[in-house]
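Student: Starting off with a structure, shown below.
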Amino acid sequence: MKRAGILFLFLAITVGANAQMWMEIGAKGMYGFKGFYNDNIINDRDHEYKISPGYAYGGLININFADRHGFIIEGLLAENTQKFNYDLGGSLQTASEVKWSTVDGYLMYRAYNNTSFLEIGPKISIVKSIDQTPNPLNIWDIPKQYNEQYWSAAIGFGGMILGSEFFTLKMGLRFEYALGDLVGSEGEKNNFPAYYVAYDSYKASHPFSAMLNMELNFAIGAVARAQCGRRRFIFGSGY
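Heads up: the sequence shown begins at 1 in the working numbering, then just goes up one per residue.
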């Protein structure tokens, strides 16, 4: 995923070498389903797996080239939850919940077609805090059972629903799946997140999301070629 980020930067420089480039800054909010996929829990008939809501919000820098290409750098704060119940027998169940907060960084490539777009790119998530219940007598140091960061692949689509030369309002859907494991090496030894079940083999927990998102962008300027042939940055939206 790090190589993908470097490749995207290389493409941005290549595409922008001759094309007119303009920049926007904006705010973004996302809401939908967030959690993690664990094969052991999903296929365990004694577990009731629940899809939980989540959200993210933050800011972005949008760098566009001509009318067809764009690169978006986003920094978002996200709240994630995964719930699953375990049948203890009879009418007894234990309700488990993993909640974690992340700082998410995106580098997305967008291909535009008139007012619609398709986007793809990598995401890095830095775990700010994480907790899991139940934790009887606090016997587990929960943060030590999980990784401090993980990488995901993100893909989405959407379009502009309102706009002028000063701003644009866009809406879309974005889907993400982590390529790495949320659980760390210590948690793997302790069979997290379902530490109370002795499975035949360990299975990774991959964070995922399916989110509706909205973003509001404001034009701040463009890089254009002056009469002398040099390229310079022009502030404002009148380009």
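Ideal placement from N, C-alpha and C gives every residue a C-beta, glycine not left out.
What residue from Y37, H47, Y146 has the CA that sits closest to W100's CA?
Tutor: In the sequence shown, counting from the first residue as 1, residue 100 sits at position 100. Cα-wise, what sits closest to W100 is Y146.
Student: Using three-state DSSP, classify A219 as helix, strand or coil.
Tutor: As a first step, residue 219 is located in the sequence shown; it is residue number 219 there, counting from the start. Strand at A219.
Student: Which residues does DSSP pair with R110 in a beta bridge?
Tutor: Here residue 110 corresponds to residue number 110 of the sequence shown, with the count starting at 1. Note: R110 sits in a beta bridge opposite G70, E119.
Student: On a Cα-Cα basis, can you pick out the residue from P143, F84, D44, N138 that is closest to G304?
Tutor: One cannot answer for residue 304 here, as it falls past the ends of the chain, which runs 1 to 239.
Student: For my contact list, G75 and G59 are in at a C-beta cut-off of 8 angstroms; report their separation, rounded to the angstrom.
Tutor: In the sequence shown, counting from the first residue as 1, residue 75 sits at position 75. In the sequence shown, counting from the first residue as 1, residue 59 sits at position 59. Their Cβ separation, rounded to whole angstroms, is 6 angstroms, which keeps G75 and G59 in contact under 8 angstroms.
Student: Confirm, please, whether the CB-CB distance from M30 to L179 is below 8 angstroms.
Tutor: On the sequence shown, residue 179 is found 179 positions in, with the first residue counted as 1. On the sequence shown, residue 30 is found 30 positions in, with the first residue counted as 1. In this structure, M30 does not lie closer than 8 angstroms to L179 by Cβ.
Student: Thinking C-alpha only, which one of R45, N40, Y199, L169 is nearest D246?
Tutor: For residue 246 there is no data in the structure shown, the boundaries of the chain being 1 and 239.
Student: Grab me the residues of A111's own chain with a C-beta within less than 7 angstroms of its C-beta, minus the 5 sequence neighbours each way, in chain order.
Tutor: Your numbering for residue 111 matches position 111 in the sequence shown. Excluding residues within five positions, the ones whose Cβ falls inside 7 angstroms are R68, H69, F117, L118.
Student: Under a three-way DSSP split, which group does S201 fall into?
Tutor: Numbered from its first residue, the sequence shown carries residue 201 at position 201. Note: S201 maps to coil in three-state DSSP.
Student: Ignoring anything shorter than 3 residues, give me the beta strand (DSSP E) runs that lie fully in the stretch 123-200, in order along the chain.
Tutor: Entirely contained in the stretch 123-200, the beta strand (DSSP E) runs reaching 3 residues are, in chain order, 149-163, 167-178.
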